[in-house]
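Peer 1: First to last, the protein sequences are chains H and P.
Each residue of the first sequence is one higher than the one before, counting from 1474 in our numbering.
Each residue of the second sequence is one higher than the one before, counting from -16 in our numbering.
A virtual CB, placed ideally from N, CA and C, is assigned to each residue, including glycine.
Computed from a prediction, not measured in an experiment: that's the story for all the values here.
For reference, the structure I am asking about is given below.
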Amino acid sequence: MSVSAEMMKGTVVPVTLKLLSEREMYGYEIIKEVNARTNQVLAWKEATLYPWLHRLEQEGLIQSEWQERPDTRRRKYYALTRKGKAALAHQTSEWTELSGAITGILAPMAVA
Amino acid sequence: MDKRIEDFLDHASEGLRDDIELRLDTRAELATHAEEKLQELEHDGIAHDEAVQQAVKSLGEPIELATDLYKANRKRMTLRAQLRIFMRFALVPVAIITTIWNLEISPSCSLWRLLQGGPASQQIATMLYNLSDQDCFILDGDLSLENSVDQQKSIWESDPTNRIYFANYFHEVGRSNDFYSSEIPTDLLETARQIDPDNAYYVYLEALQELTNTIHTTWPNDFGESITPADTPFYEIINRERLDHCMALIEQALNMSHYSCYSTEMTRIRLSLLPPPRYLIDLMVRLGVVIDSSHSPIIKREALQLTKSMVAYGDLLLKEGDFKRAEQFLNGWEILTRQLSSNSDSLVEVRIACGLPDFGCDSAAVYRAADRNTTADRMAARADVAYIRSKLIQKMKGSNSDVIQEHGGILAFMSTPNNILPTHAGILAPSRRLELTMVTRFAIGIISALLFLAIVGCVLASLRWRFSKKGRVIPILLIPSGHSLMNTLAYSVILPGMIFLIFTRLVPASGHEYSFSAGAHKLIAEFELLAIALLTLPALLGTRAVRRRCEELNIPTAPFAARRLLPILMGESFVLILLWLTPAPPIHLVKLGTFIVAGLTGLTLLASAITGFVQGMGGQKKYGLFYGTVFRSRIPLLAGAMLLINLVSRPILQNAEEKYVRQDTLLNLTQSPHMSRLKTETINYIRTELQAALKELDSMP
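The structure is reproduced here in structure tokens:
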């Protein structure tokens, strides 16, 4: 089932921050990881991740560095900053509260 | 890369066209994404053409992406544009202004003029300090008048009864006319008698004038070599009448209680007008005031002449039967000794006073020749007690030449005569360190000038690529990350500066502990190594950072030929360190070796600069963007290094300068109006010893 673009937009920041909290990744790696973990439910347009990454970097939530690792080409890796960790914690609790609230409304009512 | 991917990347990064570096960075990032996607698709068995199409399609609409990238980076691009404007137009001028500010042009020029023997210190004092008109007048006199004599005369004329001002004018006349080879103007002597009738100094001077061509004495010319009765006659009368007149003057002077040339008093008056010293220039101005205000005392030749002629005249009077007057002249050495020891504030005069009792032995010989042996014995005994010159010579002779040679700076050499109280390295340390602080400031000025030349070279090299007729490129002005910039400046400026400071201030074996002659090899090594660090590290580290960035942006890079000189430079630095480790004072070979290695190092630095410049100007076209970017991006880095060096060094060096001026025990002339404190202590010591010896005479028959 594909998710609408409107709902997709809201997922980019918390999901990206969460993935980068696990380890540093490059852009295409983030896309592949999201696809794999959500079973293609969150099918982001590949290149549109980059404007978000630039935004997050400007806000100081992530930082980037070009690295050349053994047997791979040079890539731009992103890592979470301390400010990003705090933002992730805040966003995680926001999502938990919101999803709980929405689920409470959208779930079928119990039969009396 | 496939043209379709290239086209996609061009369109997708169009929104960032105003920031070339950001555009290339984003382009490179999207390119790695596209290449990896392409590789995966081809790995899954899809044909190359189809894989390219799919890869491009998966990236989305380029125009939409361009808009999103522009929106996402708008703020950053604005900030970066402002930063580039600052780096282009403000940083270099600010760095130049800071360098000039650090050089302190006005005090430095004044200092240079003082050292060159330029305009009188007083005139420089009036330029540097905010003195009142009256104070300026006391320092300089009326500067609207043409010559120095009239200028000093104007000070006296403002207060005609002032003995100190008159003495100052009197001696300015003497300085310009050279009193000792020509006659003192009669009207001047008349005025001296009127203003200061009880001062023996003027009378002795008048007597010395009269003494010329009156008597010829065949006498040893130094203290310690006496006549014997067998030497008589030891004089020949040339003009008896004039001699009698001269001796009448001497008789007058011997009976005067007061003797002063007022040199100390005038110096004290002038020094009191100046603010307390804070910097070297203040010490030098004060030193200049002391030198300019110092007056010629009775010097050794004149004192010998006076005393010899007194003994000769005493002998003459004895032979003529005038015993009473003869006694006056034969005792003249003691009276003159007492006058100089109690009134004189001049090292020359108090030293002379130590030797004058030697003439007591000559007076004793005269008495013996006249068969007045009891008087002769008494005279000889008194002379023996009063003659302390040998004892003082023993204590002071040559005692300081070694320590000054090894640990003294220029000021110590200038202001510390050999035959004074012993000094030690600790006393000389503040003035020596003060001078080296100024040398450090000068060295920083030189290094800054060289950095500026490097900036000019970089500007020319980057413009060459900008306006090249064939293969024109627009060199990129890369904006370093904060982390990268801090790293570069820390390793290339702060760290070498800290090491230099620590080594030169805290390590006992550093060149700063020695005079230039004893520690030249260390001092040259220290400053040379500092220059190497500050001139090469910013360029090297900056180029390395630019090269890395260009590789990230997929700009073709090339090695610089100048790096081949790096091992030579490192080898020379190593040799300089070894030379630095050699103990001071070094053997001649070590000193020579240091100069040679320092010269070679300079040539190596020059060669590497020229090589880099030539390669940057005339390199292969395919590396044009790289060369242009390296040189363009080095400009703000070198300017930043220049700015940081001067901003950081100024307070440190200024603080050090103030500290050493406060600590200075050699020259701090607030209290003592002589060239050095050591000289004042020596004068006081000699006077104390002499007066103790003369006090013993009071209890003798």
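Alpha carbon to alpha carbon, how far is A1562(H) from I68(P)?
Peer 2: Numbered from its first residue, the first sequence carries residue 1562(H) at position 89. Numbered from its first residue, the second sequence carries residue 68(P) at position 85. Their Cα atoms are separated by approximately 39 Å.
Peer 1: Expressed to the nearest angstrom, what Euclidean distance is found between the alpha-carbon atoms of T526(P) and A541(P)?
Peer 2: On the second sequence, residue 526(P) is found 543 positions in, with the first residue counted as 1. On the second sequence, residue 541(P) is found 558 positions in, with the first residue counted as 1. Approximately 11 Å between the Cα atoms of the pair.
Peer 1: For S1566(H), count neighbouring C-beta atoms within 10 Å of its own C-beta (all shown protein chains included) and say buried if the count is 16 or more, exposed if not.
Peer 2: Your numbering for residue 1566(H) matches position 93 in the first sequence. Burial call: exposed.
Peer 1: If I'm right that E641(P) touches R176(P) with Cβ under 8 Å, what's the distance once you round it to whole angstroms?
Peer 2: In the second sequence, counting from the first residue as 1, residue 641(P) sits at position 658. In the second sequence, counting from the first residue as 1, residue 176(P) sits at position 193. Going by Cβ atoms, the distance from E641(P) to R176(P) rounds to 48 Å, so no, they are not a contact pair.
Peer 1: Suppose contacts are defined by Cβ-Cβ distances below 8 Å. Is L1534(H) in contact with L1571(H) by that definition?
Peer 2: One-based indexing of the first sequence puts residue 1534(H) at position 61. One-based indexing of the first sequence puts residue 1571(H) at position 98. Result no, Cβ atoms of L1534(H) and L1571(H) do not sit closer than 8 Å.
Peer 1: Along chain P, which residues have their Cβ under 7 Å away from the Cβ of G1500(H)?
Peer 2: Taking the first sequence and counting its residues from 1, the one referred to as residue 1500(H) is at position 27. Chain P residues near G1500(H): E12 and H16.
Peer 1: Hey, would you say I628(P) sits closer than 8 Å to L517(P), going by beta carbons?
Peer 2: As a first step, residue 628(P) is located in the second sequence; it is residue number 645 there, counting from the start. As a first step, residue 517(P) is located in the second sequence; it is residue number 534 there, counting from the start. Yes, the pair counts as a contact, with Cβ atoms nearer than the cut-off.
Peer 1: Closest to S493(P) by CA distance: which of P566(P), S616(P), E4(P) and T174(P) is it?
Peer 2: As a position in the second sequence, residue 493(P) is number 510, starting the count at 1. It is P566(P).
Peer 1: Rounding to the nearest angstrom, what Cα-Cα distance links P102(P) and D133(P) in this structure?
Peer 2: Looking up residue 102(P) in the second sequence gives position 119. Looking up residue 133(P) in the second sequence gives position 150. Interpretation of P102(P) is limited by its pLDDT of 46, a score under 50 that renders its predicted location unreliable; no figure is taken from the coordinates.
Peer 1: Give the DSSP-derived three-state secondary structure of K154(P) in the structure shown.
Peer 2: Within the second sequence, residue 154(P) is the residue found at index 171, counting from 1. One detail in the question is off: residue 154(P) reads as His in this sequence, not Lys. If DSSP states are grouped into helix, strand and coil, H154(P) belongs with the helices.
Peer 1: Using a beta-carbon distance cut-off of less than 7 Å, what residues from the segment 1480 to 1511 of chain H approach chain P?
Peer 2: Those residues of the segment 1480 to 1511 of chain H that come within reach of chain P (Cβ to Cβ, closer than 7 Å) are G1500 and Y1501.
Peer 1: Which value, in whole angstroms, describes the spacing of the CA atoms of A675(P) and D227(P)?
Peer 2: Here residue 675(P) is taken as the residue at index 692 of the second sequence, counted from 1. Here residue 227(P) is taken as the residue at index 244 of the second sequence, counted from 1. Taking the straight line from one Cα to the other gives about 34 Å.
Peer 1: Compare the C-beta of Q1513(H) with all C-beta atoms of chain P and state if any pair is closer than 8 Å.
Peer 2: Within the first sequence, residue 1513(H) is the residue found at index 40, counting from 1. No - not a single Cβ of chain P is within 8 Å of the one on Q1513(H).
Peer 1: Rank S384(P), I482(P) and L650(P) by C-alpha distance to the C-alpha of I274(P) and give the top, closest one.
Peer 2: Here residue 274(P) is taken as the residue at index 291 of the second sequence, counted from 1. The residue with the shortest Cα to Cα distance from I274(P) is L650(P).
Peer 1: How many angstroms separate the CA atom of Y296(P) from the CA atom of S137(P)?
Peer 2: For the purposes of this step, residue 296(P) is identified with residue 313 of the second sequence, where counting begins at 1. For the purposes of this step, residue 137(P) is identified with residue 154 of the second sequence, where counting begins at 1. If I take the Cα positions, the gap works out to 41 Å.
Peer 1: Mind checking I1575(H): buried by the 16 CB within 10 Å criterion, or exposed?
Peer 2: Counted from its first residue, the first sequence places residue 1575(H) at position 102. Its Cβ having fewer than 16 others within 10 Å, I1575(H) is exposed.
Peer 1: Under a CB-based cut-off of 8 Å, is Y1550(H) close to chain P?
Peer 2: In the first sequence, counting from the first residue as 1, residue 1550(H) sits at position 77. With 8 Å as the cut-off, Y1550(H) does not count as an interface residue toward chain P.
Peer 1: So that I know if they touch, is there some Cβ in chain H lying closer than 8 Å to that of D51(P)?
Peer 2: Taking the first residue of the second sequence as 1, we reach residue 51(P) at position 68. Yes, contact with chain H.
Peer 1: Cβ atoms of G343(P) and Y359(P): under 8 Å apart, would you say?
Peer 2: Sequence index remark: in the second sequence, residue 359(P) carries index 376 (1-based). Sequence index remark: in the second sequence, residue 343(P) carries index 360 (1-based). Note that residue 359(P) is Ala in the sequence shown, not Tyr. It is not a contact, given that the beta carbons lie outside the stated cut-off.
Peer 1: Below 8 Å, can you find three or more Cβ-Cβ pairs linking the segment 310 to 329 of chain P to the segment 623 to 639 of chain P?
Peer 2: No, the segment 310 to 329 of chain P does not touch the segment 623 to 639 of chain P.
Peer 1: Find the residues of chain H that neighbour L48(P), judging by a C-beta separation of less than 8 Å, and give them in chain order.
Peer 2: Mapped onto the second sequence, residue 48(P) falls at position 65. A1520, T1521, Y1523 and P1524, listed in chain order.
Peer 1: Taking buried to mean at least 16 other C-beta atoms within 10 Å of its own C-beta, is W316(P) buried or exposed?
Peer 2: Here residue 316(P) refers to the residue found at position 333 when the second sequence is read from its first residue. When all chains shown are included, W316(P) counts as buried.
Peer 1: Looking at chain H, is there any beta carbon in it that lies within less than 8 Å of the beta carbon of S41(P)?
Peer 2: As a position in the second sequence, residue 41(P) is number 58, starting the count at 1. Yes, because at least one Cβ of chain H sits closer than 8 Å to the Cβ of S41(P).
Peer 1: Is the number of C-beta pairs between the segment 46 to 56 of chain P and the segment 434 to 445 of chain P that are closer than 8 Å three or more?
Peer 2: They do not touch, by the three-pair rule.
Peer 1: With C-beta atoms as the reference, is L552(P) less than 8 Å away from T584(P)?
Peer 2: Translated into the one-based positions of the second sequence, residue 552(P) becomes position 569. Translated into the one-based positions of the second sequence, residue 584(P) becomes position 601. Yes, Cβ-Cβ distance for L552(P) and T584(P) is below 8 Å.
Peer 1: Examine chain P for any beta-carbon lying closer than 8 Å to the beta-carbon of R1546(H), and answer yes or no.
Peer 2: If you number the first sequence from 1, residue 1546(H) lands on position 73. It does; some Cβ of chain P falls within 8 Å.
Peer 1: Counting only runs that start and end within the segment 410 to 480 of chain P, where is the beta strand (DSSP E) found for 3 or more residues in a row?
Peer 2: With a minimum length of 3 residues, no continuous beta strand (DSSP E) run stays inside the segment 410 to 480 of chain P.
Peer 1: Among L472(P), P458(P), R531(P) and I427(P), which has the Cα closest to the Cα of L690(P)?
Peer 2: Missing from the structure shown is residue 690(P); chain P here goes from -16 to 684 and no further.
Peer 1: Where do the N-terminal and C-terminal ends of the alpha helix (DSSP H) with Y643(P) fall, by residue?
Peer 2: For this step, residue 643(P) is matched to residue 660 along the second sequence. Unbroken alpha helix (DSSP H) run through Y643(P): G607 to Q646.
Peer 1: Which residues of chain H have a Cβ atom closer than 9 Å to the Cβ of N470(P), listed in chain order?
Peer 2: Along the second sequence, one-based indexing puts residue 470(P) at 487. Chain H residues near N470(P): none, gap ~13 Å exceeds 9 Å.
Peer 1: On the criterion of 16 or more Cβ atoms from any shown chain inside 10 Å, does P45(P) qualify as buried, or is it exposed?
Peer 2: Residue numbering aside, residue 45(P) sits at position 62 when the second sequence is read from its first letter. So P45(P) counts as buried.
Peer 1: In whole angstroms, give me the CA-to-CA distance for G576(P) and I515(P).
Peer 2: Walking along the second sequence from the start, residue 576(P) turns up at place 593. Walking along the second sequence from the start, residue 515(P) turns up at place 532. G576(P) and I515(P): Cα-Cα distance of roughly 18 Å.
Peer 1: Using a Cβ-Cβ cutoff of less than 6 Å, which residues in the same chain neighbour M600(P) once the five nearest sequence positions on both sides are dropped?
Peer 2: Taking the first residue of the second sequence as 1, we reach residue 600(P) at position 617. Excluding positions up to five away in sequence, the list reads A444 and R447.
Peer 1: Going by C-alpha distance, which of A14(P), K(-14)(P), S398(P) and C337(P) is nearest L661(P)?
Peer 2: For the purposes of this step, residue 661(P) is identified with residue 678 of the second sequence, where counting begins at 1. Among A14(P), K(-14)(P), S398(P) and C337(P), the Cα nearest to that of L661(P) belongs to S398(P).
Peer 1: Is the beta carbon of E285(P) less than 8 Å from the beta carbon of C229(P)?
Peer 2: Locating residue 285(P) in the second sequence gives position 302, where the first residue counts as 1. Locating residue 229(P) in the second sequence gives position 246, where the first residue counts as 1. No, these two residues do not count as a Cβ contact at 8 Å.
Peer 1: One question on the structure: do A1552(H) and Q1540(H) come within less than 8 Å of each other, judged by their Cβ atoms?
Peer 2: Here residue 1552(H) corresponds to residue number 79 of the first sequence, with the count starting at 1. Here residue 1540(H) corresponds to residue number 67 of the first sequence, with the count starting at 1. Going by C-beta atoms, A1552(H) is not nearer than 8 Å to Q1540(H).
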